[in-house]
Structure formats: structure tokens, C-alpha cells
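Visitor: Have a look at this one.
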Amino acid sequence: MDQEEKINWDKLLNHLKHSAELPDDDELNPEELEMLLFAEEINMRLKEEDVQLRFPVHEGWIELQERYQQKMAKARRFKLYRVLALAAVLVVALSTTWWLFLQQNHTEQQIAGNQIQLTLANGQTVELDSSQSEILKTEGAALNGTSLVYKPETALPKGDHQSSLNVLSVPKGKFTRLELSDGTKIWINSGSKLSYPVPFAANKREVTLEGEAYFDVSHNADRPFVVHAKSVAVKVLGTAFGMSTFKNQVSTALEKGKVSMQAGNQQVLLVPGELGLYHAENNCLTKSEADLRIYTAWKDLDLYFSESTLEEITSRIAREYDVDFVFEQENLKNLHFTIDMPKHAALSKILQNIKLSSDEVDFEIKGNQIQVKRR
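Position 224 of the sequence shown, counting from 1, maps to 224 under full-length UniProt numbering, and the rest follow consecutively.
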């Protein structure tokens, strides 16, 4: 049977429009599910706020054609032209996003909701977009795509900046990258805040983190780099590590170099492959070997979990997709899953994959809230 003949398009469109109202026995076959996820991926990328992750209007269709030409080579009777046409119909059925993309003539739309903000030393707050380029320029910074990049320290205006801090705030559902004047690169994740001086002092480099970030620190033996997070200080010379302060703990996942993690009179030295954990509840600082990708995959725009609880998984998804999860039963939080997907994948695709890997859990999306139910 032809692959397109295996797809009931009326049923597929019905799933797109009325998924929350469909009976449990209205299941999609593998070909229908693949097309549904394909359409949802396009729709999510059309609405992506990060311009680097958006679906490119012209180039994107060429990419999709190439993708399906590879499929056609394996199944020669697969009618490419109809699949692409019907995929476009599916996207239109989901929303009016495609029409908006054509109407805006490839110019960036102003996105509603919270934006990434930079609070300057003088108290002024600006959003990180091209309209603020002149203000950023006076601070010795510029936007490179979605990254905020400072001039090298030697090119910055002279003066004493040490009592003045800049604060970069990244709301839920957003992500950005920062390059400081000393060459240190920092990826800042959703729901996070980083405070830093411009430039650094002559004998030290200190920043303060609330949330989650990944640091690739420029080596300078004369000026140690210190990250302050709650009651913890992580001291490095030149290294790369992920750090998080979410929940009631501070974690440091070291990928290369060596760091000292200190909390009060406690201290641990981390080598690559080790995870340092500080639990505020019992004031305990420990270290262990760990799968560090669980703590750093977000920086590479991946969503990765290995035998993690559903509570841990939904906690991260809630921040990075700016949604709320409500559990019908508390014991559902203890179910374990392994996930390895691109971070820009449609949320519905992620939830569908979790659902397909277990016969115990189901999800119901209601606006910005996702109900977690037992099947």
C-alpha cells in the first residue's frame, strides 16, 4: 500500500483541531503519527521566538523537500508533491502563523510577552533587540544574532566600574548567550539571571548566578573566575562547566579543567566528569561521577534525560517552554523516562514521545497548562 494511502487525512486534521476532545480509541497509525509530528514541528518553528531556530520561509521548504526526497528514494511511490501540499494544509489548520509569515515579508515581528532584558549600571533596563543597539554600543556591547558580546577589555572605556553591575535576565521560554570582556562565554538558560561587572577588576573576576548557565571561562592565572550562587562559590582559572541553582540546591557539572566548589567551611575539588551538589536543606556539599549531559545538553539545544523522574523532566520543560504542569496523581511524578530530542521540537511531540514510551501516563494541553493524567 502507498504510504500516503495509509494516512486518513480527515482523521489527522480532526486530531489537530480537536485533540483534547477525541476518544481514546481514535488512535493514529505510525504513518499518521509521523505526519502529525512533522506538521507540529513546522508550526512550532514558525512561531519560534529565537530567529536562529525559526522555520525559514523559503529555505525551509527546500530543506523539507530534500528530507522527503530521501524518504522517496526508499519508497518510490511516495508522492512528494502531495505530502508537502497536505503538510501546508495541516499547518494552516493549526493556526494562521503561515499567513503572518508571508505578510511580514521576512521582517521580525515584535513578540508579545516577557523578553530578555539587560539592566544597566545606571538602573536603565533595555530589551535585547536590534532597536537598542545604540544604547548597547555605549556600554561597549553589541548584539551578534541573539548573543550579547562585549568588546575586549582593552577596547572598553577607562574608569572604575567595580561597584556597578549589569544584570542580564532571561525569562521562562527564552535562552541567550553572553560573551564578556575577558573572553569568557556564558550560555544563560530559561528563568535565569546573571550579574556581572564591565570590565572586571584587575585581580579577580566575579559574577553571580540565579538559575542555570554554562560557563566557558577564559584562562587567566592572575585573575581567578568566581561564580557566586546562593551560599556557594565556584572558583576556576579556565574551564567549562554547567551550573544550576534551581530548587533548593546548587549543582556544578564539570566538563573540562578543574574547579573548587565551596560552601561555608566545606570544599570539594571537581575534575572532568564529576558533579558537585550542595543541598541547602541539610547544608551538605558532595561530589560524584555523573552523566553530565543531563546538566549541559540544554546549551547545545538538546533535551536530554536518562532514567529521570517525570517530575524532573516536567520541571525543566516548564521553564524552557514556559508552561505549567498539573499532576492528577502525585505518584505519577515518580515515573522514570529517558529522552533525547532537539530542544526546538514541538512540545506536543515531546509529550507524545513520553506517552508512547509508557502505558501509564497521558497529557492534556489546556492553553498554557498541561494536565498529567494516568491512562
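Glycine included, C-beta positions come from ideal geometry on N, C-alpha and C.
#1: So which of F215, G257, Y150 has the shortest CA-CA distance to K299?
#2: Between I135 and V126, which are expected to be in contact by the criterion C-beta below 8 angstroms, what is the C-beta distance as a whole number of angstroms?
#3: Thinking just about the alpha-carbon of each residue, which of V361, Q267, A253, K174 is nearest to the one in N331?
#4: Can you tell which of G367, A142, K258, E311 has the C-alpha that lies nearest to the C-alpha of A221?
#5: Are L254 and A229 close, meaning C-beta to C-beta below 7 angstroms?
#6: Whole angstroms is fine: what's the gap from K11's alpha carbon to N282's?
#7: Classify A290 as helix, strand or coil using the three-state DSSP reduction.
#8: Which of helix, strand or coil does DSSP assign to L270?
#9: If you measure between the beta carbons of D340 and Y304, is that distance less than 7 angstroms?
#10: Could you say if the stretch 189-205 and the stretch 316-330 meet the contact criterion of at least three C-beta pairs nearer than 8 angstroms?
#11: Candidates A280, G145, Q115, K204: which alpha carbon is nearest E179's?
#12: In this structure, what does DSSP give as the bridge partners for G242?
#13: Quick one: Cα of Y321 to Cα of T239, how far?
#14: Which class does S133 belong to by DSSP, given the choice of helix, strand or coil?
#15: Consult DSSP for R374 and reduce its assignment to one of helix, strand or coil.
#16: Around the Cβ of E212, are there at least 16 other Cβ atoms within 10 angstroms (buried) or fewer (exposed)?
#17: Nearest to S130 by CA position, among T138, T119, G123, L143, is which residue?
#18: At which residues does the alpha helix (DSSP H) containing S348 begin and terminate?
#19: So E153 and D182 are in contact, right, with Cβ under 8 angstroms, and what is the actual spacing, rounded?
#20: Ignore the nearest five residues each way along the sequence and tell me which others in S147's own chain have a CB closer than 8 angstroms to its CB.
#21: Taking Cβ positions, are residue 415 and L310 nearer each other than 7 angstroms?
#22: Reducing DSSP to helix, strand and coil, say where N248 ends up.
#23: Going by beta-carbon coordinates alone, are Y278 and V227 separated by less than 7 angstroms?
#24: What are the residues that DSSP puts in a beta bridge with G183?
#25: State buried or exposed for P199, treating a residue as buried only when at least 16 other CB atoms are found within 10 Å of its CB.
#26: Return helix, strand or coil for L28, following the three-state DSSP convention.
#27: For residue 376, which of L285, S169, V323, G140 has the nearest alpha-carbon?
#28: Classify N166: buried if its beta carbon has 16 or more other beta carbons within 10 angstroms, exposed otherwise.
#29: Below 6 angstroms CB to CB, which residues in the same chain sit around A297 once its five sequence neighbours on both sides are set aside?
#30: Could you check where the alpha helix (DSSP H) with A318 kicks off and where it finishes?
#31: Buried or exposed: where does V326 fall if 16 or more other Cβ atoms within 10 Å of its Cβ makes it buried?
#32: So, with DSSP's three-state summary, where would you put L120?
#33: Am I right that E328 and Q371 are in contact with their C-beta atoms under 8 angstroms? What's the rounded C-beta distance?
#34: Based on the DSSP secondary-structure assignment, which residues constitute the bridge partners of P197?
#35: Whose CA, out of G242, K366, A280, lies closest to the CA of D291?
#36: Checking the sheet assignment: what are the DSSP bridge partners for A141?
Guide: Reading from the atomic positions:
#1: Residue mapping note: residue 299 aligns to position 299 of the sequence shown, counting from 1. Of the listed residues, the one whose Cα sits closest to K299 is F215.
#2: As a first step, residue 135 is located in the sequence shown; it is residue number 135 there, counting from the start. As a first step, residue 126 is located in the sequence shown; it is residue number 126 there, counting from the start. Going by Cβ atoms, the distance from I135 to V126 rounds to 5 angstroms, so yes, they are a contact pair.
#3: As a working mapping, residue 331 is identified with position 331 in the sequence shown. Looking at the Cα atoms, V361 is the closest of the given residues.
#4: Locating residue 221 in the sequence shown gives position 221, counting from the first residue. Comparing Cα-Cα distances from A221 to each of G367, A142, K258, E311, the minimum goes to K258.
#5: Within the sequence shown, numbered from 1, the residue matching residue 254 stands at position 254. Within the sequence shown, numbered from 1, the residue matching residue 229 stands at position 229. Taking 7 angstroms as the Cβ cut-off, L254 and A229 do not qualify as a contacting pair.
#6: For the purposes of this step, residue 11 is identified with residue 11 of the sequence shown, where counting begins at 1. For the purposes of this step, residue 282 is identified with residue 282 of the sequence shown, where counting begins at 1. Near 54 angstroms, if we compare the C-alpha coordinates of N282 and K11.
#7: Here the question's residue 290 lines up with position 290 in the sequence shown. Reduced to three states, the DSSP call for A290 is coil.
#8: Numbered from 1 along the sequence shown, position 270 holds the residue referred to as residue 270. Correct three-state label for L270: strand.
#9: Numbered from its first residue, the sequence shown carries residue 340 at position 340. Numbered from its first residue, the sequence shown carries residue 304 at position 304. The Cβ atoms of D340 and Y304 sit closer than 7 angstroms to each other.
#10: yes
#11: As a working mapping, residue 179 is identified with position 179 in the sequence shown. Ranking A280, G145, Q115, K204 by Cα distance to E179 puts G145 first.
#12: Along the sequence shown, read from residue 1 onward, the residue named residue 242 stands at position 242. Beta-bridge pairing links G242 to Y214, A253.
#13: Position 321 of the sequence shown, counted from the first residue, corresponds to residue 321. Position 239 of the sequence shown, counted from the first residue, corresponds to residue 239. Going by the C-alpha atoms only, they are around 29 angstroms apart.
#14: For the purposes of this step, residue 133 is taken as the residue at position 133 of the sequence shown. DSSP places S133 in helix when its eight states are reduced to three.
#15: Walking along the sequence shown from the start, residue 374 turns up at place 374. In the structure shown, R374 sits in a strand (DSSP, three-state: E or B).
#16: Here residue 212 refers to the residue found at position 212 of the sequence shown. By the 10 Å Cβ count, E212 comes out buried.
#17: Numbered from its first residue, the sequence shown carries residue 130 at position 130. It is L143 whose Cα lies nearest to the Cα of S130.
#18: Here residue 348 refers to the residue found at position 348 when the sequence shown is read from its first residue. Taken as a continuous stretch (DSSP letters only), the alpha helix (DSSP H) holding S348 covers 347-356.
#19: Mapped onto the sequence shown, residue 153 falls at position 153. Mapped onto the sequence shown, residue 182 falls at position 182. Yes, E153 and D182 are in contact; Cβ-Cβ is about 6 angstroms, under 8 angstroms.
#20: Residue 147 sits at position 147 when you count from the first residue of the sequence shown. Result list for S147: T176, R177, L178, E179, in chain order.
#21: Because the chain is modelled from 1 through 375, residue 415 falls outside the range shown and cannot be assessed.
#22: For this step, residue 248 is matched to residue 248 along the sequence shown. Coil.
#23: On the sequence shown, residue 278 is found 278 positions in, with the first residue counted as 1. On the sequence shown, residue 227 is found 227 positions in, with the first residue counted as 1. Not a contact, by the Cβ cut-off of 7 angstroms.
#24: Counting from 1 along the sequence shown, the entry for residue 183 is found at position 183. In DSSP, G183 forms no bridge with anything.
#25: The residue labelled residue 199 in the question sits at position 199 within the sequence shown. Counting Cβ neighbours within 10 Å, P199 comes out buried, since at least 16 surround it.
#26: In the sequence shown, the residue the question calls residue 28 occupies position 28. It is coil, neither helix nor strand.
#27: Here the chain has residues from 1 to 375 only, and residue 376 is not among them.
#28: As a first step, residue 166 must be located in the sequence shown, where it is residue number 166. By the 10 Å Cβ count, N166 comes out buried.
#29: Counted from its first residue, the sequence shown places residue 297 at position 297. Once the five neighbours on either side are set aside, the close Cβ partners of A297 are Y304.
#30: Counting from one through the sequence shown, the residue named residue 318 turns up at place 318. 310-321 is the span of the alpha helix (DSSP H), which, as asked, contains A318.
#31: Along the sequence shown, one-based indexing puts residue 326 at 326. Exposed: under 16 other Cβ atoms inside 10 Å.
#32: Numbered from 1 along the sequence shown, position 120 holds the residue referred to as residue 120. It is coil, neither helix nor strand.
#33: Here residue 328 is taken as the residue at index 328 of the sequence shown, counted from 1. Here residue 371 is taken as the residue at index 371 of the sequence shown, counted from 1. Rounded, the Cβ-Cβ distance is 6 angstroms, consistent with contact.
#34: In the sequence shown, residue 197 corresponds to position 197, counting from 1. Note: P197 sits in a beta bridge opposite L165.
#35: Start at 1 with the first residue of the sequence shown, and residue 291 comes out as number 291. Of the listed residues, the one whose Cα sits closest to D291 is G242.
#36: Numbered from its first residue, the sequence shown carries residue 141 at position 141. Looking at the DSSP assignment, A141 forms a beta bridge with Y150.
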